[in-house]
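Remarks on the structure that follows.
In UniProt numbering, the protein residues as written are 1 to 287.
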């Protein structure tokens, strides 16, 4: 659980950095650089996974969870302001729980399903209270649809990783996933770039290093390994756990106007949803 909380805190700073510091850079280039940095960080662990079949499976999973997700996620910033990117990521828990209901017959137990859906709804309600504003751009629908592709890809990746990835080789798992994602993103975006026109400032290089090594490389490792230690309901809820911290970061670091009352109410709802799902998991284990 502590891994998911730590990642939520770190991820909270990414919205402002991407929108404020990387404007003007091609979205495919940004996604590819982040994923290449991820792979380089975990490359020393690549031989921890020895089975060829597992390597291929992890690469395919990485293409979905990180490659498709990042290409869509970064592209959505071309159509949406940062606050709407935050708004539209609140639907990810629906996809996580939906996958669980469809493919895991044990989750169809009426009591477990009610608790899971209740916790997710509380989380989504809390996130919406904090960040929802009426869209102010004509292109918001396109941004919304693109971002839902990212949300679905991320949900599919973490849901599958939680169930079949080997807990003893998380670092090796991530190396192969990042390799697949980096190759996919690079092959998709690099041929479309006008390399002679690309200019990256020193500040943008530092931001890319932070996002690639810390916010992506380290945090996705912690997130996927942490996902194996919590219930599907808690995992779904924690997909919105970064939002209260993101708002606090916006107040302190990015000087954005925030409704403190909405922050308190929404943060309380998200915290309550985490408590409910986590306590339910403990009770179920004890039974």
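Cβ coordinates follow ideal geometry from the N, Cα and C atoms, glycine included. A quick note: this is a predicted structure, and the numbers were derived from the prediction, not measured.
Counting C-beta neighbours from all protein chains within 10 Å, is the total for residue 44 16 or more, i.e. buried, or is it exposed?
One-based indexing of the chain shown puts residue 44 at position 44. So residue 44 counts as exposed.
Among the residues of its own chain, which have a CB less than 7 Å from the CB of residue 215, if the five just before and after it don't count?
As a working mapping, residue 215 is identified with position 215 in the chain shown. Closer than 7 Å at Cβ, skipping near neighbours: 10, 11 and 14.
Residue 76 to residue 24, Cα distance in whole Å?
Here residue 76 refers to the residue found at position 76 of the chain shown. Here residue 24 refers to the residue found at position 24 of the chain shown. So the two alpha carbons sit approximately 14 Å from each other.
Suppose you measure from the CA of residue 101 to the CA of residue 61; what does that come to, to the nearest Å?
One-based indexing of the chain shown puts residue 101 at position 101. One-based indexing of the chain shown puts residue 61 at position 61. Straight-line Cα distance between these residues: approximately 20 Å.
With a 10 Å radius around its C-beta and 16 neighbouring C-beta atoms as the bar for buried, classify residue 20 as buried or exposed.
Along the chain shown, read from residue 1 onward, the residue named residue 20 stands at position 20. Label assigned to residue 20: exposed.
Would residue 35 pass as a contact of residue 165 if the rule is Cβ separation under 8 Å?
Position 35 of the chain shown, counted from the first residue, corresponds to residue 35. Position 165 of the chain shown, counted from the first residue, corresponds to residue 165. Not in contact: residue 35 and residue 165 (Cβ atoms no closer than 8 Å).
From residue 213 to residue 176, what does the alpha carbon distance come to, in whole angstroms?
Start at 1 with the first residue of the chain shown, and residue 213 comes out as number 213. Start at 1 with the first residue of the chain shown, and residue 176 comes out as number 176. Roughly 16 Å separates the two Cα atoms.
Under the three-state reduction of DSSP, which class applies to residue 203: helix, strand or coil?
Residue mapping note: residue 203 aligns to position 203 of the chain shown, counting from 1. Here residue 203 sits in helix by DSSP.
Would you mind sorting residue 86 into buried or exposed? The rule is 16 or more other CB atoms within 10 Å of its CB.
Taking the first residue of the chain shown as 1, we reach residue 86 at position 86. Classification of residue 86: buried, given that the 10 Å Cβ count is 16 or more.
What three-state label does DSSP hand residue 234 in the structure shown?
As a first step, residue 234 is located in the chain shown; it is residue number 234 there, counting from the start. Residue 234 falls in the helix class under three-state DSSP.
Looking at the secondary structure, which residues open and close the alpha helix (DSSP H) in which residue 80 lies?
Here the question's residue 80 lines up with position 80 in the chain shown. Per DSSP, residue 80 belongs to no alpha helix (DSSP H) and is neither H nor E.
Just curious, the alpha helix (DSSP H) that residue 227 is in, first and last residue?
Taking the first residue of the chain shown as 1, we reach residue 227 at position 227. It spans 219-227 - the alpha helix (DSSP H) in which residue 227 sits, taken as one unbroken run.
Ends of the alpha helix (DSSP H) at residue 19?
Residue numbering aside, residue 19 sits at position 19 when the chain shown is read from its first letter. 14-21 is the span of the alpha helix (DSSP H), which, as asked, contains residue 19.
Could you check whether residue 69 and residue 153 sit closer than 8 Å to each other, using their CB atoms as the reference points?
In the chain shown, residue 153 corresponds to position 153, counting from 1. In the chain shown, residue 69 corresponds to position 69, counting from 1. A contact, by the Cβ cut-off of 8 Å.
What do you get for residue 205, buried or exposed, if any count of 16 or more other CB atoms within 10 angstroms of its CB means buried?
As a working mapping, residue 205 is identified with position 205 in the chain shown. So residue 205 counts as exposed.
Would you identify the three-state DSSP class for residue 198, choosing helix, strand or coil?
In the chain shown, counting from the first residue as 1, residue 198 sits at position 198. It is coil, neither helix nor strand.
By alpha-carbon positions, which one of 275, 67 and 96 ends up nearest to residue 156?
Walking along the chain shown from the start, residue 156 turns up at place 156. When each option's Cα is compared against that of residue 156, the closest is 96.
Which word fits residue 93, buried or exposed, when buried means at least 16 other C-beta atoms lie within 10 angstroms of its C-beta?
As a position in the chain shown, residue 93 is number 93, starting the count at 1. Flag for residue 93 reads buried.
Does DSSP classify residue 285 as helix, strand or coil?
To locate residue 285, count along the chain shown from 1; it is residue 285. Bear in mind that the predicted position of residue 285 carries a pLDDT of just 47, short of 50, making it unreliable; the figure below should be weighed with that in mind. Helix.
Just to confirm my understanding: we take residue 249, look at its own chain, exclude 5 residues before and 5 after, and list those with CB closer than 6 Å. What are they?
Here residue 249 refers to the residue found at position 249 when the chain shown is read from its first residue. Closer than 6 Å at the Cβ level, and outside the excluded window around residue 249, lie 12 and 13.
Sorted by chain position, which residues of the same chain lie with C-beta nearer than 6 Å to residue 180's C-beta, five sequence neighbours on each side aside?
Translated into positions along the chain shown, residue 180 becomes position 180. So the qualifying residues of the chain are 59, 62 and 63.
So the candidates are 218, 277, 223 and 267; which of them puts its Cα closest to the Cα of residue 41?
Your numbering for residue 41 matches position 41 in the chain shown. Residue 218 is the option with its Cα nearest to residue 41.
What residue ranges within the region 21-74 form continuous beta strand (DSSP E) runs of no fewer than 3 residues, ordered along the chain?
Listed in chain order, there is nothing to give.
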